[in-house]
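S.K.:
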Amino acid sequence: MKACTIHVTGIVQGIGFRPFVSKLAHELGIVGTVRNDTSGVEIHIQGVDADCQLFIERLQSDLPMHGRIDTLQIEQANLRDLDDFTIILSQGVKGNAFIGADMAPCEACLQDIQDPKNRRFQYGFTNCTNCGPRYTIIESTPYDRDTTSMKVFPMCETCQAEYENLEGRRYHAEPNACGQCGPMFTLQGTDGTVLASGQDAIERTKKHIQYGSIVAVKGVGGYHLVCDALQEKAVQILRQRKGRPRKPLAVMAGSLETAKQYVHISETEEELLLSPARPIVLLRKLAEYNTVAPSVAPGMETLGILLPYAPYHYSLVPSNALWVMTSANRSGDPVLYNDAQALGELQGIADYILTHNREIISPVDDSVVQVVDDKPIMIRRSRGYVPLSIAVVALEKSPTMLAMGADMKAAFAMNRGSHAILSPYMGDMEHQRVQDLLWSTAKRYEELFQLIPTQVIVDVHPKYYTSQCGRIYAEEHQLPVIEVQHHHAHVAAVLAEQNITEPVLGICFDGTGYGTDGTLWGGEFLYCHKTYMERMAHLSYAPLPGGEVAVREPWRQALWYVNQLYPSGVPTVIKAWKKTLPKGWELLEKMMPHMQMIQSSSGGRLFDTVASLLGVGHEHLYDAQLAIELEQLALSEKGTILNMKLDGTVLDTMSLVRSVIEQLEYGESVAKISANFHRTLIYYIGQMAKQCCEERHISHIVLCGGVFQNRILLKGVMQELGEYKVHVPTQSPMNDGGIALGQLWLGSYMNR
Ligand code: ZN
Ligand code: ZN
Ligand code: FE
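Heads up, the sequence shown is in my numbering, so the first residue is 964 and it goes up one at a time.
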């Protein structure tokens, strides 16, 4: 007989790990105990030497579906007086770094709810140790039923028996429930009157949507607004009530087959659509798309689609249906998840509310992913991904840090050793409610994971709300603050994800970030090695006439370009263009030579300027709208290289804007000009990159920043630089949602 203690870390909670261990022990005739502790799971085993060996091998080889073992330590132990193998409660343990993410129903659970003979037929909250809600229902750790919002639902006898049955897949499935004992749906009017409950509520909701109503549906991480995506009028009303005039709306397809009738789906995209995280995947429209209401995604060649991700979606959304499914909050606000608040705020937005009595503890938005060159590119990392940690080797010996991220697409991060834990996407910090969400989520993370930061990392931007918060936090806790340059952090996020320690050329194109020289950067070629960063090259500067206003209204910068290019008399096309400008442009034109204007080398602004000149629009109706729609125009054209000047270490945007205007004069189509613009920029980014790499003998290139979410640009530059090792972020968002990860990585090096 032999006894030993095994300590396992990784993703080992909320994925049925303890039941799996217990089952394995029983199978091998081993006695002992298993319990969660602060950093993972502790297993005590006693048995014949060979059986213990086999146990340890199978622990790793037979790991449950969503598990991940990062470390496994074995120590000799004393024999105890035991005659069985049991799961023991994790007493005294407060936090754990490894809480699971919310998962779509597994195949077995789907079969249960689709089988009329099964006792869970159509039961919308069916789950097991392989699937179901996690992060959104956990109040505190360790993860047990009592610490989730399921604690108010005592299990019926049958469920309790499943929960205790070693052989079943619901053994210690904490959210286990059935129609007899678990959460239930009600359909309410906006005044809170209950109109129907249970399956009847689902059936009536279905009818209301088919008849063109807008129904708020409580999801896993928050409320959605739902309407039929084939009914233009319903979609228009939804947009108007939500205050979202143009930003594309995500749609849920009732089945993969239905999705395939509207969009192209590659193998990788299909995998993503069907993955347990069930993100929204941005997909290219088919010609058959034209039955979809035009208001769903105006100006777009792509459509954001997701498949049913909660058990009840399978009985709610008909398999041949395509329904708009967008977060129910008003534009700019964070996701709506509190029931009382929802009831108040959905007045006048939804016609009906389909809600349930399982409380959402932590809100999460739907995640968004797109596939470029067969690589999944994360746009929004939330439901299904948070709070799963990202393994960062460089953080191994680091103390816990709090990285505040940036103000747009805000997400912060903390680490427990080498595990970087990113917050869900929160929104843009200019909104009060997003600011509140930042504070409450940070507090929740500290408690859930029992993390006590020893230093705070912020963006150098003096006006970022997140940076100010970080400083306040640091002052309250008497912690040091480290400042990190924005684009350096973008590059570092990729270095962190992919454990790159060599020097790299980081090509970072984004909307705006505060540069080391007080100007706004965003078209950068950075030599980066650990904490060292040097700006090797960049896009030329152009001012922002009116500052922030010029970001929202790109015609202002376009007008500056025009006046620089044609000081004495503009071409006819520009005369016509000026006539389309918003009122007041003449005044700005007169004042411009005398205005103090902040300079910017932003790639995002360049796209905006070109979009304005091509008539895509003059003002953004949502963040990055014009750049996005400019890309859409180019999707079905092949571009040719126009004239652009490469002036030493500066890529001259003035020459490129001139080329674009000349194309307009030739009478070239807007789509073709957009394609040419993309092609030219790709080519010259490539030229500049090669020049930088040769100079410093670099073979690794990192592409990052929100502008690279443009799939033509990303794919083009990757091809252009095919001879190098090109890295793009795949686990953290390409946009500012990934900044916090880079901040952590840089923080860890600054500590050495
Ligand atoms: Zn399941
Ligand atoms: Zn039950
Ligand atoms: Fe950025």
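Heads up, the beta-carbon is just placed ideally off N, CA and C, and yes, glycines get one too.
Pairs of beta-carbons, one from the region 1660 to 1676 and one from the region 1412 to 1428, closer than 8 Å: are there three or more?
M.R.: No, the region 1660 to 1676 does not touch the region 1412 to 1428.
S.K.: Cα separation between W1548 and V1512?
M.R.: Counting from one through the sequence shown, the residue named residue 1548 turns up at place 585. Counting from one through the sequence shown, the residue named residue 1512 turns up at place 549. Rounded to the nearest angstrom, the two C-alpha atoms are 13 Å apart.
S.K.: Give me the pocket residues for ligand 1, defined as CB within less than 6 Å of any heavy atom, sorted by chain position.
M.R.: Answer in sequence order: P1068, C1069, A1071, C1072, N1090, C1091, N1093, C1094.
S.K.: Quick check: is the beta carbon of D1075 nearer than 8 Å to any beta carbon in chain B?
M.R.: In the structure shown, chain B cannot be found, because there is only a single protein chain.
S.K.: Can you tell me the Cα-Cα spacing of Y1126 and S1345, whole angstroms?
M.R.: Mapped onto the sequence shown, residue 1126 falls at position 163. Mapped onto the sequence shown, residue 1345 falls at position 382. Looking at the two C-alpha atoms, the distance is approximately 29 Å.
S.K.: For A1366, is the beta carbon positioned less than 7 Å from some heavy atom of ligand 3?
M.R.: Here the question's residue 1366 lines up with position 403 in the sequence shown. No, the Cβ of A1366 stays beyond 7 Å of every heavy atom of ligand 3.
S.K.: Quick one: Cα of F1375 to Cα of S1403, how far?
M.R.: For the purposes of this step, residue 1375 is taken as residue 412 along the sequence shown, with counting starting at 1. For the purposes of this step, residue 1403 is taken as residue 440 along the sequence shown, with counting starting at 1. Approximately 12 Å, taken between the alpha carbons.
S.K.: Report the option in L1270, L1609, H1453 whose CA atom is closest to the CA atom of L1666.
M.R.: In the sequence shown, counting from the first residue as 1, residue 1666 sits at position 703. Of the listed residues, the one whose Cα sits closest to L1666 is H1453.
S.K.: Within this structure, are the beta carbons of P1096 and V1189 separated by less than 8 Å?
M.R.: For this step, residue 1096 is matched to residue 133 along the sequence shown. For this step, residue 1189 is matched to residue 226 along the sequence shown. No; because the gap between Cβ atoms is not below 8 Å, this pair is not in contact.
S.K.: Give the list of continuous alpha helix (DSSP H) stretches no shorter than 4 residues that lie fully inside the region 1412 to 1460.
M.R.: 1428 to 1440, all fully within the region 1412 to 1460.
S.K.: Could you tell me if the beta carbon of A1597 falls within a distance shorter than 7 Å of some heavy atom in ligand 3?
M.R.: Residue numbering aside, residue 1597 sits at position 634 when the sequence shown is read from its first letter. No, since every heavy atom of ligand 3 falls outside the 7 Å radius drawn around the Cβ of A1597.
S.K.: Whose C-alpha, out of W1540, Q1588, P1297, L987, is nearest the C-alpha of P1387?
M.R.: Your numbering for residue 1387 matches position 424 in the sequence shown. When each option's Cα is compared against that of P1387, the closest is P1297.
S.K.: Give a single yes or no on whether Q1143 has its beta carbon closer than 7 Å to a heavy atom of ligand 2.
M.R.: Position 180 of the sequence shown, counted from the first residue, corresponds to residue 1143. Because some heavy atom of ligand 2 lies under 7 Å away, the Cβ of Q1143 counts as near it: yes.
S.K.: When DSSP builds the beta bridges, which residues end up paired with F1148?
M.R.: Position 185 of the sequence shown, counting from 1, holds the residue named residue 1148. Answer is H1319, bridged to F1148.
S.K.: Ignore the nearest five residues each way along the sequence and tell me which others in V1688's own chain have a CB closer than 8 Å to its CB.
M.R.: Here the question's residue 1688 lines up with position 725 in the sequence shown. Sequence inspection shows Lys at residue 1688; the Val mentioned does not correspond to that position. Here the set comprises S1662, H1663, I1664.
S.K.: So is N1639 buried or exposed if we call it buried at 16+ other beta carbons inside 10 Å?
M.R.: For the purposes of this step, residue 1639 is taken as residue 676 along the sequence shown, with counting starting at 1. With 16 or more Cβ atoms within 10 Å of its Cβ, N1639 is classed as buried.
S.K.: According to DSSP, is L1676 helix, strand or coil?
M.R.: For the purposes of this step, residue 1676 is taken as the residue at position 713 of the sequence shown. Three-state result, L1676: helix.
S.K.: Return helix, strand or coil for E1137, following the three-state DSSP convention.
M.R.: As a first step, residue 1137 must be located in the sequence shown, where it is residue number 174. E1137 falls in the coil class under three-state DSSP.
S.K.: Exposed or buried, which one is I1062 when buried takes at least 16 other CB atoms within 10 Å?
M.R.: Counting from one through the sequence shown, the residue named residue 1062 turns up at place 99. With 16 or more other Cβ atoms within 10 Å, it is buried.
S.K.: With three or more C-beta pairs closer than 8 Å as the rule, is the region 1323 to 1341 touching the region 1359 to 1370?
M.R.: The region 1359 to 1370 vs the region 1323 to 1341: no contact.
S.K.: I think L1704 touches L1385, with their Cβ atoms under 8 Å apart; what is that distance to the nearest whole Å?
M.R.: The sequence position of residue 1704 within the sequence shown is 741, counting from 1. The sequence position of residue 1385 within the sequence shown is 422, counting from 1. So it is a contact: roughly 6 Å between Cβ atoms.
S.K.: Any chance the region 1105 to 1118 sits against the region 1261 to 1277, with 3 or more Cβ pairs inside 8 Å?
M.R.: Verdict: no, contact absent.
S.K.: Quick one: is the Cβ of A1382 within less than 7 Å of any heavy atom of ligand 3?
M.R.: Position 419 of the sequence shown, counted from the start, is the residue given in the question as residue 1382. Rather than Ala, the amino acid found at residue 1382 in this sequence is His. Outside the cutoff, so no.
S.K.: From V1157, K1493, S1290, K1538, pick the residue whose C-alpha is nearest to that of E1469; which is it?
M.R.: Walking along the sequence shown from the start, residue 1469 turns up at place 506. What sits at residue 1469 in the sequence shown is Gly, not Glu. Measuring from the Cα of G1469, the nearest candidate turns out to be K1493.
S.K.: Hey, how far is the Cα of I1435 from the Cα of Q1441?
M.R.: Against the sequence shown, residue 1435 aligns to sequence position 472. Against the sequence shown, residue 1441 aligns to sequence position 478. Whole-angstrom Cα-Cα distance: 10 Å.
S.K.: For V1536, I'd like the list of residues in its chain whose CB is within less than 8 Å of its CB, leaving aside the five on either flank, ordered along the chain.
M.R.: Against the sequence shown, residue 1536 aligns to sequence position 573. Counting only Cβ-Cβ distances below 8 Å, and skipping sequence neighbours, we find I1624, L1627, E1628.
S.K.: Which residue wins for smallest C-alpha separation from Q986, given the options G1145, N1041, D1047, C1094?
M.R.: Taking the sequence shown and counting its residues from 1, one reaches residue 986 at position 23. Reading the sequence as shown, one finds Lys at residue 986 and not Gln. Looking at the Cα atoms, D1047 is the closest of the given residues.
S.K.: So, T996 versus T1049, is the Cβ gap smaller than 8 Å?
M.R.: Taking the first residue of the sequence shown as position 1, residue 996 is located at position 33. Taking the first residue of the sequence shown as position 1, residue 1049 is located at position 86. Contact flag set, yes.
S.K.: Helix, strand or coil for K965, going by three-state DSSP, please let me know.
M.R.: Here residue 965 refers to the residue found at position 2 when the sequence shown is read from its first residue. It is a strand residue.
S.K.: What do you get for Q1203, buried or exposed, if any count of 16 or more other CB atoms within 10 angstroms of its CB means buried?
M.R.: Numbered from its first residue, the sequence shown carries residue 1203 at position 240. The residue in question, Q1203, is exposed, as its Cβ has fewer than 16 Cβ neighbours within 10 Å.
S.K.: Indicate the three-state DSSP secondary structure (helix, strand or coil) for Q1398 in the structure shown.
M.R.: Counted from its first residue, the sequence shown places residue 1398 at position 435. It is helical.
S.K.: Please classify V1244 as buried or exposed, where buried requires at least 16 other C-beta atoms within 10 Å of its C-beta.
M.R.: As a first step, residue 1244 must be located in the sequence shown, where it is residue number 281. So V1244 counts as buried.
S.K.: Got a sec: does ligand 3 put a non-hydrogen atom nearer than 7 Å to the Cβ of H1449?
M.R.: Along the sequence shown, read from residue 1 onward, the residue named residue 1449 stands at position 486. It does: the Cβ of H1449 is within 7 Å (strictly closer) of some heavy atom of ligand 3.
S.K.: Helix, strand or coil for F1116? Go by DSSP, reduced to three states.
M.R.: By 1-based counting over the sequence shown, the position of residue 1116 is 153. Three-state DSSP puts F1116 in coil, outside helix and strand.
S.K.: Please name the residue, chosen from A1159, H1450, D1328, Y1524, that lies closest to M1288 on a Cα-to-Cα basis.
M.R.: The residue labelled residue 1288 in the question sits at position 325 within the sequence shown. Of the candidates A1159, H1450, D1328, Y1524, the one whose C-alpha sits nearest the C-alpha of M1288 is D1328.
S.K.: Which residues does DSSP pair with P1271 in a beta bridge?
M.R.: Walking along the sequence shown from the start, residue 1271 turns up at place 308. P1271 is not bridged to any residue.
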